[in-house]
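Just so you know, we're using this note's numbering here: the sequence shown kicks off at 1 and counts up by one. To start, the structure itself, in structure tokens.
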Amino acid sequence: MGKAVQRSSKQVKPALLEQLYSTMYRIRRFEEHTAELFQAGLVKGTAHSYIGEEAIAAGACINLRPDDYIGSYHRGHGHCIAKGADLKRMMAELMGRVTGYCRGLGGSMHIADMELNILGANGIVAAAMPLGTGAALAVKMRGTDQVVVAFFGDGAANQGIFHESINLAAVWKLPIVFLCENNQYALNTYFRDTTAVERVSIRAEAYGIPGVTVDGNDVLEVHGAMKEAVARARGGEGPSLIEALTWRWGQHSMRANLVDPRSMEDKEHWMDRDPLKKLEQRLLGNGKTMAPRIEAIRKEIDAELDAAISFAKESAEPSEEILVGSVYAPHIAHEEPTDTGERELTFVDALNEAMHQEMEADPTVFVLGEDVAVTGGIFQTTKGLLDRFGAGRVLDTPISEATFCGAGIGAAIAGMRPIVEVQIFDFVTLMMDMIVNQAAKFRFMLGGGPTVPVVIRGPQGGGIRLAAQHSQSLEAWFAHVPGLVVIAASTPFDAKGLLISAIRDDNPVIFLEHKMLYLGATGGVPEAPYAIPIGKADVKRQGRDVTVVATQVMVSRALAAATQLEREGISVEVIDPRTVRPLDEETILGSVGKTHRLIIAHEAWKTGGVGAEVAALVTEKAFDELDAPITRVAAMDVPMPFNDTLERIVIPSQERIVDAIRGLF
């Protein structure tokens, strides 16, 4: 760990000092106006002031090109301004107006400008690090010399994702600078009371990258350290960690209203070291002509902010109509093949062929996950991809699910089409923040403009004796979240066509593959690439007496039950939704209108499962069509046991489906 060399004003061109001063003064006045507007009730919710920390954003971003990326956090106004964001659109967003960067859907903590490669401020601590790592991965894969900066606070340095992101970036030598703004306090907890090391920058050594602590109130010191780190990243030498020691003047947020634990002595000490005043003194030391120039800069920026506030006040509120359209990017219209052909593939080979063909057709498609490259994955779904496309597009990751998932999402935001493999889908619990708070909400929080074309796929379900932590069916979790597409194929034909659709879709897709289908399912699969429309169910068997809506491995069991019951004179219609979200309501309701009876079969737990959603749909929209109560056939509400006999008792069988159907008659 070292200190950046301090630069005196004599070593720096006056034009650079003026530019830095202009940025810092713009940030200071923006934040002062924001505080006033918050007190007046025009800025609602909350906002996190950057006053006292202006030197960091200004000193860092002046080293960046317009095409470089930044990722921010909840205290992000200064970063956006320093990167060139429009003050009018920023102020309008703070007031929740439709002319804001996010059309009033994001607010203070989510301002972004994708045209400036500002990946967005973020309300989740440390989120900029994995997302920024993903953007840096996209840069490296495209072969450009862009750089990414991930801003974060001192509290984020104690998140596991901090260590995972730096490790991943170091392993892959990604062009990213991790910039910690250590203002020494969380909401009201002192940094030294929660952190085992004296300096965050010390941690860089553990990952074999440069780490430096600088005076975050000295813009030239920040500028110098950042210049070296950016040059290193741009030159292909990998990441750096910079810790900038600073002090926020106000409380954690404008809404805090808590007792400030910081002493008046410390407060006075840091306010005496005002970064704006320090720079102003350097400027004035360059001669008598600087005082009028400083005054001119101030007047120009004050007028700019007055105009921004007027623009925001005069802007309209967003209307209700923008809500639904901001959640999902439009799905691509596909024509499903009517003939599966004579060639048969296994479920695994169908998935593998889909990835091969889409990676062949689109160079932005790549695969990352644990053991996906050299071994082809534990279920061999990615076999042969490394040989065909190389290590640059088939990436084995560390065992750090949150970060490699976040990196996939960040790469998607930056223009790639990642396929993230979850080795066993139970491990998705370690990815939930990235999936639910980042991928699912990114488009909406940013006003319905950006896309997040990422596929998160892997094996779920029981039946192969892997017990409670490797056998869950968790589709209901994801079906509950607006912004996610959830797909669950039951045949090799559907697996190939739906995975191709998922890869081409501009939304985050959760693609579920049942382990039992890996082991035994075969079927006709056309050799040429094809895509199945998202949100279109498939009637696997026509019937007249009862509808069975079944998912994944339950589809084959429902079909076997239908064949068995046909001998008893009961005609069963079997519907596979294929896409759990969006759900094909029309096909399900049309079938119930014909058969007047409904069974829903899935392997997931009965309580809170997708079956409950289908039952509610039919009850609300087709209750008068029912001649019998709706019945759900699902797993017992217990974790999956290891014992094979008990496992078979927990998981729904063909016999249980048969008994449920007979019970309706």
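Glycine residues also receive a C-beta, built at the ideal position from the N, C-alpha and C atoms.
In this structure, DSSP gives HIS252 a state outside helix and strand, which the three-state scheme calls coil. Closest by C-alpha distance to LEU583, out of ALA231, THR595, ALA136 and VAL610, is VAL610. Per DSSP, reduced to three states, the secondary structure at ILE575 is strand. Counting along the chain, the unbroken beta strand (DSSP E) around LEU345 starts and ends at 344 to 346. Using a C-beta cut-off of 8 Å, the region 181 to 195 makes contact with the region 147 to 160, since at least three inter-stretch Cβ pairs fall below that distance. Between the beta-carbon of PHE30 and that of LEU87 there is about 7 Å, and that keeps the pair under the 8 Å contact cut. For the set GLY524, VAL553, GLU401 and ALA528, the Cα lying nearest the Cα of GLU344 is the one of GLY524.
Taking one beta carbon from each stretch, the region 162 to 175 and the region 432 to 442 have fewer than 3 pairs nearer than 8 Å; the two do not touch. For VAL259, the secondary structure class from DSSP, reduced to helix, strand or coil, is coil.
In the DSSP secondary-structure assignment, TYR185 is bridged to TYR190. Taking a C-beta distance under 9 Å as the contact criterion, VAL214 and GLU243 qualify as a contact pair. Within the region 140 to 211, the runs of beta strand (DSSP E) at least 3 residues long that lie entirely inside it are, in chain order, 148 to 153 and 176 to 182. VAL548 sits in a strand when the DSSP states are folded into three classes. SER556 sits in a helix when the DSSP states are folded into three classes. Comparing alpha carbon positions, the residue from PRO492, HIS596 and HIS110 closest to ALA128 is HIS110.
Looking at the backbone, the Cα of LEU20 and that of ILE202 are separated by about 28 Å. Judged by beta-carbon spacing, ASP68 lies within the 9 Å limit of GLN146, meaning their Cβ atoms are closer than that value. Here the region 301 to 315 lies against the region 28 to 44, with 3 or more beta-carbon pairs under 8 Å apart. With fewer than 16 other Cβ atoms inside 10 Å of its own Cβ, SER310 counts as exposed. When secondary structure is reduced to three states using DSSP, ASP644 falls in the helix class. Residue ALA440 holds the alpha-carbon nearest to the alpha-carbon of ILE510 among ALA440, GLU53 and GLN251. Contact between the region 130 to 150 and the region 94 to 114 is not established, with fewer than three Cβ pairs separated by less than 8 Å. At a Cβ-Cβ threshold of 9 Å, VAL549 and THR491 do not count as neighbours.
For VAL219, the enclosing alpha helix (DSSP H) begins and ends at 219 to 234.
Per the C-alpha coordinates, the member of VAL539, ALA58 and ALA604 positioned closest to VAL592 is VAL539.
Every beta strand (DSSP E) stretch that sits fully inside the region 407 to 457 and reaches 3 residues is listed by chain position as 417 to 421. Judged by DSSP in its simplified three-state form, SER240 adopts strand. Excluding its 5 nearest sequence neighbours in each direction, VAL633 has C-beta neighbours in its own chain below 6 Å: ALA601, PRO652, ARG656, ILE657 and ALA660, listed in chain order. Annotation: ARG393 is outside any beta strand (DSSP E) and is labelled neither H nor E by DSSP. Per the coordinates, the alpha-carbon of VAL574 lies some 28 Å from the alpha-carbon of THR645. Note on geometry: alpha-carbon atoms of MET254 and ALA40 lie some 12 Å from one another. Distance between PHE623 and LEU617, taken at the CA atoms: about 9 Å. Here the C-alpha atom of GLY78 lies approximately 8 Å from the C-alpha atom of ALA58. The beta carbon of HIS48 sits closer than 6 Å to those of HIS74, ARG75 and SER253, all from its chain and outside the five residues before and after it, given in chain order.
Within the region 317 to 398, complete alpha helix (DSSP H) segments of at least 4 residues are found at 322 to 325, 347 to 361 and 385 to 389, given in chain order. In this chain, the beta strand (DSSP E) harbouring ALA635 covers 631 to 635.
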